[in-house]
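Novice:
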Amino acid sequence: MRGVSRTAISVPRDLMNQLSDLLSRTGVRSRSKAISEAISLYIAERYWILSDVDKEVTGAILLVYDHHRGRDVVEVQHKYLDLIRSTSHVHVDEERCLEVVIILGSLSRVRQLFMELQGLGVVEIIKPFLVPLA
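Under the working numbering, read the sequence shown as residues 8 to 141, first letter to last.
1. For R44, which of helix, strand or coil comes out of DSSP?
2. In whole angstroms, what is the alpha-carbon distance linking V80 and K40?
3. Would you call the CB atoms of L70 and E106 closer than 7 Å?
4. Could you compute how far the alpha carbon of R32 sits from the alpha carbon of A67?
5. Under the rule that 16 or more other beta-carbon atoms within 10 Å means buried, what is A16, buried or exposed?
6. For the beta strand (DSSP E) that E106 lies in, which residues bound it at each end?
7. Alpha carbons only, please: which of P135, D100, G112 is nearest the one belonging to R92?
8. Looking at the unbroken alpha helix (DSSP H) that takes in T94, where does it start and where does it end?
9. Using a 10 Å radius around the Cβ and a threshold of 16 neighbouring Cβ atoms, would you call Y49 buried or exposed?
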């Protein structure tokens with residue numbers, strides 16, 4: 008991190024109280040560090056949505072989908088073997104599966120994978136967490 012920028016923010020009192028309580032219970036001494044981490048996570052989670060730059064990214068896509076139509080998810084994943092590094096699959100219940108797809112590659116390719124998975128109609132929840140490389 009290069010330098011520090013001081014800023015003032017307005018935060019609802021209840022939210023700040025929750026943060027203070029969490030920090031004291033977890034032993035974190037720096038409110039600034041916690042807020043910086045929250046901002047970093049916010050940016051990382053949404054980075055890919057608006058970016059026109061085709062940077063390299065890494066991260067994960069979490070999916071919860073209909074177990075009976077899981078083959079559709081696998082078929083899409085097979086088109087992105089260059090991007091997908093690993094998957095972890097869990098049977099949540101008789102109807103649903105949870106899968107974490109670890110990815111590394113270009114942002115445009117990740118966007119294609121995400122949009123294709125989202126468009127299947129079998130995915131109940133899809134949540135990306137992407138981190139830009141350099």
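Even for Gly, the Cβ is constructed at its ideal location relative to N, Cα and C.
Specialist: Quick look at the numbers:
1. Rather than Arg, the amino acid found at residue 44 in this sequence is Glu. Note: E44 maps to helix in three-state DSSP.
2. So the alpha carbons of these two residues sit roughly 39 Å apart.
3. yes
4. 29 Å
5. Rather than Ala, the amino acid found at residue 16 in this sequence is Ile. Flag for I16 reads exposed.
6. 103 to 113
7. G112
8. No alpha helix (DSSP H) contains T94, which is instead part of the beta strand (DSSP E) from 91 to 98.
9. By the neighbour-count criterion, in which 16 or more other beta carbons inside 10 Å mark a residue as buried, Y49 falls on the exposed side.
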